[in-house]
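If you count by the numbering used here, then the sequence shown holds residues 19 to 1211, one letter each, in order.
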Amino acid sequence: MRGIRSLLQLALLIFLFLSSGVYGQNTSNKGTDFWVAYTGHVDGKESRLYLYLTSDVNTTASVTVGNSPIPGSPFTINANTVTPVLIDPNTIDAYLGSSDVVERGKAIHVTAARPVVVYSHIFRAARSASSLILPAKVLGREYYVSAYTQNSNSRFPVTYSEFSIIAVEDQTTIEITPKATDIAGRHAANVTYSITLQRGEAYQYQSRTDLSGSHLVSVAGSNGGCKPIAVFSGSSWLGFCNAQRESQVGGDNLYQQLYPVTSWGKEFITAPFINRPFDVFRIYFSRNNTTAAVNGIPRGVFNKGDYYDFSSSTANRVTASEPISLVQYQVSQDCDPRNAGTDDHPVNPGDPEMTVLNPVEQTLSKITVYSALANQTSPPTQITQHYINVIIRDDDKSSFRINGQVPSGVFVPVGASGYVYLQEDVTARSLLRPTHTLTADGGFSAIAYGYGHVESYGYLAGADVKNLFQNIEISNVETGLKTTEVCVGRTSALTLTLPYQTERLSWTIDGQVQAPVNRPVPEVIQLNGVTAYQYKYLEELTFNGPGLHQVKVQSLNPNPSGCDANEELVLDFEVFELPAAAFTGAPAKICANQAVRLSDDRPASGKPIVKWHWDFGDGTFETRTSGAAFDHVYPNAGDFEIRLTVESEAGCASAVSTPFGVHVNAQPVADFEVPLACATQMVRFTDRSLPGAGRLLKWHWDFGDALQTTPDQPNTSEIQHPLHLYRLPGTYKVLLMVENEAGCVSVASEQMVTVYGVPDVDFELPEICMTDGPAIFKNLSSTGNWGAGPLRYEWDFGDPASGILNAATTVDGQHQYRASGTYRVQLRVFNGSGCGLTIIKNLVVNGANPIAAFEVLDRALLCSDQRFQVKDRSSVDAGSITRLQWFLDEVMILEVLQPSSGDTYTFSYPSFSGGQDRPANLRLKVFSGSLSAGCQDTKTEQLFLKPVPDLNFEMDVSRCVNAGPLQLTATELSQVDGTMSFSGPGVDGQGMFYPERAGVGVHLIRCRFISENGCAIEVLHSITVSPMPSVDAGADMVILAGGERRMNATATGLEVSFRWSPAAGLERDDLLNPIARPERDTEYTLTVTSKDGCTATDRVFVKVLDEIVPPNAFSPNGDGRNDVWNLPNLDSYPNVTVDIFNRYGEKVFHSKNYFIPFDGNYRNQALPVGTYYYLIDPGNGRKRISGSLTLIR
């Protein structure tokens, strides 16, 4: 991987494997006795080994090397936490750096007071590998080595394939058949040799060639018996994409503890590592003539020691006719074409890793994972992504949980195998909670893995390493379930499974040897096509207290194959106290359809509780996997008792808890009635609810039109029989909830209420006087946008004295009024939905004799360009004037309906000029009834309108601020007499405009003419006063003949331009600061012009000197006078050089441009008093100047 530097550092993922059900735990990777090999690493003793110890109970563990405890041992392990233990090879002699050497006292031995899980991690920098460590109780005597094609590169030219063996008992003889010659050449490939190890001794074999398939078997030694051994294999370093292609970037050491052949299986299900281009698989064979198939396709016939490679990016089903082992490999990140060109930021990071898989016969149903130990080692890992692959039967996937929650990933079927797999991303969860508990009703297998830049990790998430054909199992007599965790007071039975029929059995229970059983009668069974024999212990066991127990069985093997015929199997198990059931509940009094909250949040003690069996007393039951708070709803009234029993992780069930009583009050029933509902009209809701118990106290209405409500018409109400106004037609969901005096609230009663539209109602009042005859009322009503027809009408003419003639049902109304006055006319209209609306208008029946009259206001000053006003003075003998018509020169200019008496009206006449007034006739016609009848009158008056002057006023639109005054002029074109005046900023009484007084900006100038008839005209013009630019040509300057200087002028203004005169001696005359090279004294004028044409000028004088006159002496004595040799105006020669020599011809000073004058020092040392000689070269073609210089101090 270049590393997982990783796998544990980063995501240690330690598995506690806490199983329930039929999957025996005595063969899991939990235990109290472990042996660990510190195998070869490419970095030798610069590498480090970390042990990670964890348990589900509080315990202690000792770590020894060579029978001596390491510093810090024994170590305290707190339940569900991880304790890291460092093995530094420079201080603890455990590193296996040799090959073909028996290393005494280098095996690492871990013993614990109570069962623990051990993980080993060998690393340096980004070269890292890890392995789950198997307890001694599951070790076997026969192994086949798993490694991979060995390679190296320029960084690591010497690397080895390797395997290591540790003896756990004295006089252990091992036969070794290596697949490749060792690095010293002492052992040839495929030639068997043997070694003998004592307890705690280690042996390592290394080769430059892949050792996969090497055979290791413990055989009977001189004292007989075949002893169990611990075997580790892998590589000190390699990098690969497959067996034919090496990795060019990443690599890692490989390190795995191997599983004995007795734990191998015939069927495997694989899942792909997420975001990988492919995975590499290798099948190992332990028996001759074994057939193997991948996804149902035969791959050949293989013999023991063979292996078969294949690559895949999908899930697979691998089967064989005999037990096999299957290993899955991650490849280097540079094998993924998607990472090309990404360098240090690959799209899909990772590096090699080797993971031994377990067969479907070896599964667990509960696993607790710990991840994200990023800082357990130094430096920390770079791994940032964490995943878990789960393989489970399709029937059990619905029960699978991660930390009690349904996984976020999706289960994917594996063909027709009946299995599914899950790729779960636990990266985010690991940051918040680094432990992940995996559970299911049935067995499953899991692989924990993760990626980082040139790093990865991956390993089987726990292991059931059961010898499928030779084991002891204990089962609960009551349930029939197999377990290694027995409950106090529960009866258990023991079953022995052997691959042969024995003639003698000897049982030992907790050290008490039982009488031998000769020729016991077995039950013959078939396991994976193999005949096996099961023997029952004759007595059932019951334990009255908690504690650790052990069962040993000695059997006589009729075919010992060179080993001791007397074979011994051991079963360690623990008896646990029954858990106690207790819980909290609240409240004790509720309403029907309300919930009681229940929880069991007691601190954990003893074996964890995994199941809570609830009896709610109402005929319902529930089993939960957490004591976390939850709610139970009681739909019916009554009195109920809640009881709880709990079950521990060991399968031990408690007695029934003390009951918790709940009284459930009846719930009221909400109901209501709604009459016809019409929009814009109040709707009354009638409550018809039943209280259930007692009486109703509260009502909660929701009228369903929250978007249309206003403060005075809210959407809710809390009165029993409310009124509500719907502004728009439609269907509204109305809700009512009621509450009785017990505090119980009903379920909401819901009705969909249809609100119908109302018609649009209107009619037209006639203009009527006493001589007009019947009044005709034009009906303007309609169904409207939301209503339905046909319409029905009801008229009331407001004249009850007319008897039955006062009412009508016709569309239009008609009624004869006998007297003038005001009548209240009402029209009611109903639509087809039954919704109606009423409108009332007042009809005035006017008198028959109106009088037209008006008054012209300000009659003496009626200028034709001004609007004039007229006040209406009309009247009628009864009622009111209904209409006015105004005419100017017989053209109607205004008609007013229903005028108000005394209103003032404004009119205008077309403007005209000249010397004569014009007459105009203004006529008013008034009505008190209809236009066709005779109730009307007319009045006419002649008006005389005055002409207005005709004025022509023109002026400049812009002027510079420094310009002189401007005389304003205008002409009256109609030749009438009058008075003319000018006004505005900068204007004086004589009509002179002064730009400087007005200031820069836009100014409005006003010309006004008042004729002798009093009519006036006013004309406006705007003028822009532009700012004057500023200019400074700079100070006068002196230039040596042939020299040059840049002008030092400044100027401001808007978009200014420049012009120098004369142009002679200047590089350009249109620049602000051109370079000046005049041949004679010259005065230059700079003119600056703004974009508005405003100008400003300034002058500068340039004096031209004919020659340089150097001083012939200076006194650099620090008195502030003549301390440097000044050469006036020499800076006008930009390329001048000055050299000074002593009397020996040695140059003591040199300067170009002479910016820093000679100060009498040379190399930071004061020069002596005396005569020196200078040479000045103007650098412009003029002759050089030389002479002597006296230095005086």
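No residue lacks a Cβ here, since even glycine has one placed at the ideal position from N, Cα and C.
Task: Whether Ala458 touches Ser426 by CB criterion (8 angstroms) - done: no
TODO: Report the residue ranges of all alpha helix (DSSP H) runs contained in full by the segment 940-973; include only those spanning at least 4 residues, in chain order.
DONE: none
Open item on the list: For Tyr162 and Ser232, I'd like the C-alpha separation in whole angstroms.
Closed with: 6 angstroms
Task: Supposed close pair Trp282, Ser343 - CB separation, criterion 8 angstroms - done: 5 angstroms
Task: Cβ-based burial, His1168 [other Cβ within 10 Å; buried from 16] - done: exposed
- [ ] Determine, using beta carbons only, whether Tyr56 and Leu104 come nearer to each other than 8 angstroms.
- [x] no
Open item on the list: Please report the straight-line C-alpha distance between Glu691 and Met770, rounded to a whole angstrom.
Closed with: 11 angstroms
Task: Rounded C-alpha distance that separates Val40 from Leu589 - done: Model confidence at Val40 stands at a pLDDT of 27, short of 50, so the residue's coordinates are unreliable and nothing is read from them.
Task: Rounded C-alpha distance that separates Thr676 from Ala600 - done: 7 angstroms
Task: Burial state of Ile1174, where buried means 16 or more other Cβ atoms lie within 10 Å - done: exposed
Open item on the list: Can you tell me whether Thr210 is helix, strand or coil according to DSSP?
Closed with: coil
TODO: Look at His59 and Ile140 and say whether their C-beta atoms are less than 8 angstroms apart.
DONE: yes
TODO: Within the same chain, show all residues whose beta-carbon is closer than 8 angstroms to that of Arg1202, passing over the 5 residues directly before and after it, in chain order.
DONE: Leu1193, Ile1194, Asp1195, Pro1196
Open item on the list: Taking contact to mean 3 or more Cβ pairs, one atom from each stretch, closer than 8 angstroms, check whether the segment 276-291 and the segment 332-352 are in contact.
Closed with: yes
Open item on the list: Distance check for Phe1076 and Ala10, CA to CA, integer angstroms please.
Closed with: This structure cannot settle anything about residue 10, because the visible part of the chain is limited to 19 through 1211.
Task: N- and C-terminal bounds of the beta strand (DSSP E) containing Glu121 - done: 119-121
Open item on the list: Excluding the 5 residues flanking Pro917 on each side, which residues of the same chain have their C-beta closer than 7 angstroms to its C-beta?
Closed with: Asp890, Ile899, Leu902
Task: Every unbroken alpha helix (DSSP H) inside the segment 1006-1044 [4 residues or more] - done: 1013-1016
- [ ] Spatial neighbours of Arg294 within its chain, please: CB distance less than 6 angstroms, with the 5 preceding and 5 following residues excluded, ordered by chain position.
- [x] none
Task: Anticipated Cβ contact below 8 angstroms, Val628 with Glu667, distance rounded - done: 5 angstroms
Open item on the list: Using the Cβ count rule (16 or more neighbours within 10 Å means buried), how would you classify Lys1109?
Closed with: exposed
- [ ] Please list, in chain order, all residues of the same chain as Tyr774 whose beta carbon is under 8 angstroms from its beta carbon, the five residues on each side excluded.
- [x] Leu694, Ala695, Cys696, Ala697, Pro747, Trp804, Gly805, Ala806, Asn849, Ser851, Gly852, Cys853
Open item on the list: Please list the terminal residues of the continuous beta strand (DSSP E) segment that includes Leu272.
Closed with: 270-275
Task: C-alpha distance - Ala390 paired with Gln189, whole-angstrom precision - done: The pLDDT assigned to Ala390 is 49, lower than 50, so where the model puts this residue is not dependable; a value taken from the coordinates is nonetheless given after this. Approximately 42 angstroms, taken between the alpha carbons.
Task: 7 angstroms CB neighbourhood of Ile409 in its chain, flanking five on each side removed - done: Ile287, Ala289, Tyr437, Tyr439, Phe462, Ser463
Task: Residues that DSSP places opposite Met755 in a beta bridge - done: His718
Task: Cβ contact (3+ pairs, closer than 8 angstroms) linking the segment 129-146 and the segment 74-87 - done: yes
TODO: Tell me, please, whether the segment 1094-1102 touches the segment 1059-1077 by the rule of three or more beta-carbon pairs shorter than 8 angstroms.
DONE: yes
- [ ] Within its chain, find whatever has a CB closer than 8 angstroms to the CB of Gln216; leave out the 5 residues flanking it on each side and keep chain order.
- [x] Arg122, Ala185, Asp188, Gln189, Thr190
- [ ] Please determine, among Ser1206, Thr728, Glu640, the residue with the shortest C-alpha to C-alpha distance to Ile660.
- [x] Glu640
Task: Of the listed residues Thr94, Pro102, Pro87, Pro92, nearest to Ala112 (C-alpha basis) - done: Pro87
Task: Inter-residue Cα distance where the pair is Tyr1191 and Glu1125 - done: 19 angstroms
- [ ] For Asp228, I'd like the list of residues in its chain whose CB is within less than 8 angstroms of its CB, leaving aside the five on either flank, ordered along the chain.
- [x] Ala165, Tyr166, Thr167, Gln168, Ser179, Lys197, Ala198
Open item on the list: Rounded to the nearest angstrom, what separates Gly1188 and Trp1078 at their Cα positions?
Closed with: 50 angstroms
Open item on the list: Between the alpha carbons of Val237 and Ala248, how many angstroms are there, rounded?
Closed with: 14 angstroms
Open item on the list: If the criterion is Cβ atoms closer than 8 angstroms, does the pair Phe1000 and Ile1035 meet it?
Closed with: no
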